[in-house]
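The opening position of the sequence shown corresponds to residue 134 in my numbering, with each subsequent residue numbered one higher. Notes follow once the structure below has been shown.
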Amino acid sequence: MHKLRRLLASNARRGSFRAEGDTLYIYDVIVASDDDAEWMGGVSAEAIVQKIRAMSGPITLRINSPGGDVFAARAIQAAMEAHDGEIVAHVDGYAASAASLVAVAADRCVMASGSFMMIHKAWTIGMGNADDMLASAELLEKIDGTLAETYAAKAGGDAAVYADLMRAETWFTAQEAVDAKLADEIAAKAPKVQALWDLTAYGTAPATETIIEPVSEPDRPAGEDAARARAHALRMRQTTA
């Protein structure tokens with residue numbers, strides 16, 4: 134199974150998203166749209182952006198996410214930058230892949246003791262001929278360049294350094310994230326994290342004692358419209374994590 138599909142399928146319906154006062158809990162895979170969330174599970178950029186736009190003053194983001202769609206994370210980042218109050222991101226468990234973009238976009242990023250942040254090169258699912266594959270590769274290279282620039286902007290470093298770290302699929306402990314200046318501090322007290330993620334799609338994920346069920350394709354509703362399945366496959370062609 135393709136790594137991106139494995140990440141999405143193995144974590145479907147594991148997480149949750151909720152708002153409590155001025156706090157948003159992003160404890161889920163990040164997907165592009167409400168339709169994708171209905172299809173695959175996860176929380177959509179639409180849902181998160183709507184909540185941010187409806188809020189005023191300081192916002193706290195609590196993050197425990199294995200990643201998701203990079204363009205969805207960019208949409209969330211744009212909403213965060215447009216917000217008129219301070220936004221503080223707390224990485225309660227994982228801020229992996231696309232979720233790391235949300236974490237570093239905050240005015241301050243606080244790592245819980247035992248939490249991880251992960252950065253890597255973008256993935257996609259491709260269909261088509263050789264020209265299509267070359268075009269997808271070119272797009273991925275451009276995405277990787279923008280990701281490295283984002284991490285460098287947060288840390289005040291050289292984008293090339295972060296491009297190398299992305300290439301290696303780097304998992305930062307809380308202290309390592311602070312040392313790399315991708316996070317600002319370590320929380321005094323670790324929260325109770327409720328979502329457990331299957332990270333086996335990644336190459337160098339930290340070992341976990343959590344027992345994960347074998348990965349299988351998610352069940353599809355009986356009588357599902359084939360046209361919807363084809364439309365979803367086309368959208369997945371440009372989905373990156």
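Backbone N, C-alpha and C define an ideal beta-carbon position, used for all residues, glycine too.
Would DSSP call residue i helix, strand or coil?
i    : result
L194 : strand
I209 : helix
T283 : helix
V162 : coil
M250 : strand
D169 : helix
S230 : coil
M244 : strand
G290 : coil
S189 : coil
R147 : coil
I345 : For I345, the predicted structure reports a pLDDT of 34, less than 50, and the residue's modelled location is therefore unreliable. A value from the coordinates is still provided. The answer is coil: DSSP assigns I345 none of H, G, I, E or B.
G278 : helix
I319 : strand
E219 : coil
D459 : Past the edges of the chain, shown from 134 to 374, lies residue 459, and the structure says nothing about it.
A334 : coil
Q225 : Correcting the residue type first, residue 225 is Asp in the shown sequence and not Gln. Residue state, collapsed to three classes: strand.
E302 : coil
L272 : helix
A178 : helix
A307 : helix
L140 : helix
A152 : strand
Considering only the beta carbon of each residue, do residue i and residue j sit closer than 8 Å?
i    : j    : result
D155 : G200 : no
I159 : G175 : no
M260 : S233 : no
A229 : S198 : yes
M180 : D167 : In the sequence under discussion, the amino acid at residue 180 is Ala, which differs from the Met named in the question. Result yes, Cβ atoms of A180 and D167 sit closer than 8 Å.
L298 : V235 : no
V203 : A231 : yes
A165 : V182 : no
R147 : L329 : yes
With distances taken from CA atoms, which of the options is nearest residue i?
i    : options                   : result
R241 : I192, Y158 and W330       : I192
R300 : G289, D264 and A255       : A255
N144 : L273, D161 and F150       : D161
I319 : W330, L329 and F305       : F305
A206 : I276, F249, R147 and M244 : I276
D312 : D297, E302, A296 and G289 : G289
A296 : M213, L329 and T279       : T279
M244 : V294, A316 and A178       : A316
F249 : L140, T303 and L194       : T303
A321 : R147, F150, S246 and A268 : S246
A293 : L140, I209, E274 and R147 : E274
A215 : A268, P339 and I185       : I185
A310 : F150, D264 and Y227       : Y227
D291 : Q308, K314 and I258       : K314
Compare the C-beta of residue i against all C-beta atoms of chain E and say whether one is closer than 8 Å.
i    : result
E214 : Among the chains in the structure shown there is no chain E, since it carries only a single protein chain.
Do three or more CB pairs link the stretch 272-288 to the stretch 331-339 at distances below 8 Å? no
query = Does the stretch 223-230 touch the stretch 165-172, meaning 3 or more C-beta pairs lie closer than 8 Å?
reply = Short answer: they don't touch.
Are the stretch 201-220 and the stretch 235-255 touching by the rule of at least three beta carbon pairs closer than 8 Å?
-> yes
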